[in-house]
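**Q** So that we are looking at the same thing, I have put the structure below in structure tokens.
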Amino acid sequence: MNKIPLPRRVARLISRAQSVLADELDAKLAPFDITAAQYVVLSTLHSGRANIAAQICKELSYSPGAMTRMLNRLEQKGMIQKGPSLDSRRTVRLELTEAGQRLFPSLLAASGTVIADYFGTFSTQELETFEALLLKMFAGK
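Each residue of the sequence shown is one higher than the last, beginning at 130 in this note's numbering.
Structure representation (structure tokens):
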């Protein structure tokens with residue numbers, strides 16, 4: 130029987146970790162009627178890392194079509210609002226609504242619980258090493 134090469138095993142574990150964390154976050158956010166994917170968009174807007182759909186697509190590696198559908202759902206839920214961009218009439222600026230801003234601390238707390246559950250057993254040094262290794266993996270990409 131051939132042993133699976135180490136890089137493949139690590140890649141599978143990374144994929145599994147992402148999936149498990151997303152599933153856990155979905156469960157914690159369910160009472161708020163927000164999915165993990167929607168939370169990531171809300172978090173991106175809340176932090177100011179992006180405020181137009183194209184920026185969010187790039188930040189999160191989403192397709193424009195999937196992003197449009199997600200933004201429409203978040204708008205229907207009253208979590209975000211769209212408005213004109215100051216830079217271009219063709220660009221739509223996104224921001225959290227008052228309801229989205231009020232709800233966000235609860236979403237952040239739910240996310241923090243999931244993070245603590247999975248990363249709480251790591252020491253600061255282990256987390257710093259893990260972060261450095263992930264950054265190394267993406268360096269130059």
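Glycine included, C-beta positions come from ideal geometry on N, C-alpha and C.
(1) Which two residues bound the contiguous alpha helix (DSSP H) that contains Leu158?
(2) With three or more C-beta pairs closer than 8 angstroms as the rule, is the region 219-226 touching the region 145-159?
(3) Taking Cβ to Cβ, would you say Ala182 is nearer than 8 angstroms to Leu200?
(4) From Glu188, Gly241, Thr164 and Phe161, pick the residue whose C-alpha is nearest to that of Leu174; which is it?
(5) Specify the secondary structure class of Lys206 as computed by DSSP and reduced to three states.
(6) Check for me: the alpha helix (DSSP H) holding Leu215 runs from which residue to which?
(7) So, with DSSP's three-state summary, where would you put Arg219?
(8) Under the rule that 16 or more other beta-carbon atoms within 10 Å means buried, what is Val239, buried or exposed?
(9) Using C-beta distances below 6 angstroms, list every residue in its chain close to Pro213, excluding the 5 sequence neighbours before and after it, in chain order.
(10) Excluding the five sequence neighbours on either side, which residues of its own chain have a C-beta within less than 7 angstroms of the C-beta of Gly207, listed in chain order?
(11) Which residues in the same chain have their Cβ closer than 7 angstroms to the Cβ of Ile209, if we skip the five residues on either side of it in sequence?
(12) With which residues is Glu224 paired in a DSSP beta bridge?
**A** Well, looking at it:
(1) Residues Leu135 to Leu158.
(2) The region 145-159 is not in contact with the region 219-226.
(3) Contact flag set, yes.
(4) Leu174 has its Cα closest to that of Glu188, out of Glu188, Gly241, Thr164 and Phe161.
(5) Three-state result, Lys206: coil.
(6) From DSSP, Leu215 is part of no alpha helix (DSSP H); its letter is neither H nor E.
(7) DSSP places Arg219 outside both helix and strand once states are collapsed to three, so it counts as coil.
(8) Checking the displayed sequence, the identity of residue 239 turns out to be Ala instead of Val. Looking at its Cβ environment, which holds 16 or more other Cβ atoms inside 10 Å, Ala239 is buried.
(9) Within the same chain, Pro213 has no close Cβ partners at all.
(10) The beta carbon of Gly207 sits closer than 7 angstroms to the beta carbons of Thr226 and Ala228 from its chain, once the five residues preceding and following it are set aside; these are given in chain order.
(11) The beta carbon of Ile209 lies closer than 7 angstroms to those of Leu174, Leu200, Leu203, Leu223, Glu224, Leu225, Thr226 and Gly229 in the same chain, with the five residues before and after it left out.
(12) Glu224 is bridged by DSSP to Gln210.
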